[in-house]
Amino acid sequence: MNNRIERAHWASRFGFVLAAAGSAIGLGNIWKFPYITGKNGGGAFVLVYLLCIVLVGLPIMMAEFLIGRHGQRDAVGSFESLEGKGSPWRLVGWGGVAASFILLSFYAVVAGWSFDYIFKSASGSLGGKTPEQINDLFGALVADPGRVIFWQFLFMAATVGIVLGGVRGGIERWSKILMPVLFLLLLLLFIRGMSSPGAQAGLEFMFRPDFSRITPEALLDALGHAFFTLSLGAATMITYGSYLPPDSDLFTLSVRITLLDTLVALLAGLAIFPVVFAAGLEPGSGPGLVFQTIPIVLAGLPFGSFLALIFFILLAFAALSSSISMLEVSVAYLIDEKGWRRNRATVLVGSLAFVLGIPSALSFNRWAELKPLFDRTFFDLFDLLVSSYMLPLGGMFVALYAGWFWKGEEEKNELAASAPRPWLFPVWHFLLRYITPAAVLIILLNQMGIWG
Ligand code: TRP
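So, in structure tokens, the structure goes:
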């Protein structure tokens, strides 16, 4: 049943770090982090977020890589190869496949907006506009269902195109090109932000904690975002880990990926908030934040419209290196478990995710008033379901598995495979056993109004 062709592996460790960092770094860092930081009042939220990254995110990332590398199959198959066929743990793999699929559906909608902005910058329609006019352009875009769905489709097609090329020739090769350029450009925007008149206000907003802003919802946002930004809880890192050769030092690799991701989020915030304050915009203005502020930041610069073009190309690429990782989860499942060919799996899953994404695309226009549940649009519902529930729960089960159930010896050997660090295993194990599950549970129960 399974195809036993030699399984693909990353060509180099560097390629793997870039691919996994490419998955982690995406709209979450550049689009979502600034706007939820804005919504939750800045500094205190950033602090809680960083804590969640170190105490919850990093240990789970290591666990996901470990499970995948040990299992050497897709997420469902990796749990089965560790625990035996039909083991209930395969449901965690399944949950991950479902989460990354739903995520892909609405991620492509937002990523499509960045395509539209590439087009806007290239055609010069961002030039010579006042901040108000630039703000209005965003509203006009999302209000146009045909336009949004057109770009969503193109974005999905690009994702499918890369994943068709496979692990090395598609994912790894593209990540090596896209990530370094993205980083340089962000650095430039950061310098620009820091030299803007709003720099002081921006820095204070991001780093001066006001603990009265820490509500249960802010905690849930911070934890949910730690999972989201590191691509955890949706089997993505299990799948990427399964393409690792057995001798890699997972701790060092995970730390690097986490640092890169955090750095990019902070740089994005520091590029954006100074401008928000200097231009008198509202930091809590929501999903339009980057699309409205970046063109304003760049408008005053020499070659501003050219830089805007580059920025949106890179935003689209950052989104692509993430969306390919979401698609790869389901594709790996169909290849490894069902024996499908890559082409067939990729095209089918990509098409289904496109169709499922249409209600999300309509949530900003035709169906803006259609709120099927909890007074939320489809887009907000999918985002709530995945980011606030499926990812934290998925991560919690990974932690419970690695912390309590996975046979200790085997696991220790895995973790120590290339670089023995006596302190590492106990600390990691403790976090996975107690801290991670407790954090997720308390916050979820609280959110549902059951506890606290
Ligand atoms: N981490 C990516 C971002 O910040 C999104 C992403 C890719 C993701 N794969 C994932 C999120 C898997 C959760 C799970 O944009």
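Take the sequence shown: its position 38, counted from the start at 1, is 1209 in the numbering used here, and no numbers get skipped.
Virtual Cβ for every residue (Gly too), placed ideally from N, Cα, C.
Residue i (DSSP reduced to helix, strand or coil)
{"i": "L1401", "result": "coil"}
{"i": "L1275", "result": "helix"}
{"i": "L1541", "result": "coil"}
{"i": "R1547", "result": "strand"}
{"i": "Q1260", "result": "In the sequence on display, residue 1260 carries Trp and not Gln. Residue state, collapsed to three classes: coil."}
{"i": "L1297", "result": "coil"}
{"i": "G1594", "result": "This sequence places Trp at residue 1594; Gly is not what is there. In this structure, W1594 counts as coil in the three-state DSSP scheme."}
{"i": "F1599", "result": "At residue 1599 the sequence reads Trp, which differs from the Phe that was named. Helix, per DSSP."}
{"i": "L1452", "result": "coil"}
{"i": "S1183", "result": "coil"}
{"i": "R1178", "result": "coil"}
{"i": "D1432", "result": "helix"}
{"i": "D1287", "result": "helix"}
{"i": "I1606", "result": "helix"}
{"i": "Q1323", "result": "helix"}
{"i": "M1232", "result": "helix"}
{"i": "Q1243", "result": "coil"}
{"i": "M1561", "result": "helix"}
{"i": "G1317", "result": "helix"}
{"i": "M1567", "result": "helix"}
{"i": "I1614", "result": "helix"}
{"i": "Y1414", "result": "coil"}
{"i": "I1196", "result": "coil"}
{"i": "G1369", "result": "coil"}
{"i": "N1306", "result": "helix"}
{"i": "G1440", "result": "helix"}
{"i": "D1554", "result": "helix"}
{"i": "L1189", "result": "helix"}
{"i": "D1124", "result": "Missing from the structure shown is residue 1124; the chain here goes from 1172 to 1623 and no further."}
Range of the contiguous alpha helix (DSSP H) that encloses residue i
{"i": "A1406", "result": "Counting along the chain, A1406 falls outside any alpha helix (DSSP H), and DSSP gives it neither H nor E."}
{"i": "I1226", "result": "Going by the sequence as given, residue 1226 is Leu instead of Ile. It is not in any alpha helix (DSSP H) - L1226 carries neither H nor E in the DSSP assignment."}
{"i": "M1350", "result": "R1344 to M1365"}
{"i": "K1210", "result": "F1204 to K1210"}
{"i": "K1509", "result": "G1475 to K1509"}
{"i": "W1577", "result": "That residue, W1577, is in no alpha helix (DSSP H); it is neither H nor E in DSSP."}
{"i": "V1338", "result": "Unbroken run through V1338: none, as it is neither H nor E."}
{"i": "A1532", "result": "R1513 to L1533"}
{"i": "F1382", "result": "Note, F1382: premise wrong, no alpha helix (DSSP H); not H, not E."}
{"i": "P1466", "result": "L1460 to A1470"}
{"i": "G1248", "result": "A1246 to E1254"}
Residue environment, residue i, which counts as buried when at least 16 other CB atoms sit within 10 Å
{"i": "F1601", "result": "exposed"}
{"i": "R1637", "result": "Outside the modelled stretch of the chain, which goes from 1172 to 1623, sits residue 1637, for which no answer is possible."}
{"i": "V1352", "result": "exposed"}
{"i": "I1348", "result": "exposed"}
{"i": "N1306", "result": "buried"}
{"i": "P1563", "result": "buried"}
{"i": "G1510", "result": "exposed"}
{"i": "F1545", "result": "exposed"}
{"i": "N1174", "result": "The pLDDT assigned to N1174 is 43, lower than 50, so where the model puts this residue is not dependable; a value taken from the coordinates is nonetheless given after this. Its Cβ having fewer than 16 others within 10 Å, N1174 is exposed."}
{"i": "I1371", "result": "Here residue 1371 is Gln; the residue named in the question, Ile, does not match the sequence. Result: exposed."}
{"i": "D1418", "result": "exposed"}
{"i": "R1512", "result": "exposed"}
{"i": "W1599", "result": "buried"}
{"i": "Y1605", "result": "exposed"}
{"i": "M1619", "result": "exposed"}
{"i": "N1200", "result": "buried"}
{"i": "K1210", "result": "buried"}
{"i": "A1586", "result": "In the sequence as displayed, the identity of residue 1586 is Leu instead of Ala. The residue is buried, with at least 16 neighbouring Cβ atoms inside 10 Å."}
{"i": "L1615", "result": "buried"}
Candidates the options, of which the one nearest residue i by Cα
{"i": "V1569", "options": "F1250, T1208, V1461 and Q1243", "result": "F1250"}
{"i": "V1426", "options": "T1208, L1478, L1226 and G1197", "result": "L1226"}
{"i": "M1233", "options": "G1255, S1183, A1191 and G1213", "result": "A1191"}
{"i": "A1436", "options": "M1377, F1462, G1295 and F1422", "result": "M1377"}
{"i": "L1403", "options": "S1534, F1535 and L1229", "result": "L1229"}
{"i": "A1439", "options": "I1428, D1420 and V1461", "result": "V1461"}
{"i": "A1573", "options": "E1254, F1277, G1248 and G1199", "result": "E1254"}
{"i": "Y1504", "options": "K1203, F1477, F1483 and Q1243", "result": "Q1243"}
{"i": "T1607", "options": "L1394, F1474 and A1516", "result": "L1394"}
{"i": "Y1560", "options": "L1391, V1319 and D1420", "result": "L1391"}
{"i": "L1472", "options": "W1594, V1247 and L1359", "result": "L1359"}
{"i": "L1221", "options": "P1368, L1480, W1575 and L1401", "result": "L1401"}
{"i": "W1345", "options": "L1485, T1407 and A1470", "result": "L1485"}
{"i": "Q1323", "options": "I1333, R1240 and F1277", "result": "F1277"}
{"i": "V1268", "options": "P1530, T1407, R1592 and L1415", "result": "T1407"}
{"i": "R1384", "options": "L1218, D1245 and A1282", "result": "L1218"}
{"i": "T1429", "options": "G1197, F1596, S1271 and G1340", "result": "G1197"}
{"i": "M1497", "options": "H1180, F1482, R1261 and F1525", "result": "F1525"}
{"i": "K1203", "options": "E1375, T1433, L1571 and E1540", "result": "T1433"}
{"i": "L1555", "options": "L1274, L1262, G1373 and F1576", "result": "L1274"}
{"i": "G1213", "options": "E1453, E1303 and L1312", "result": "E1453"}
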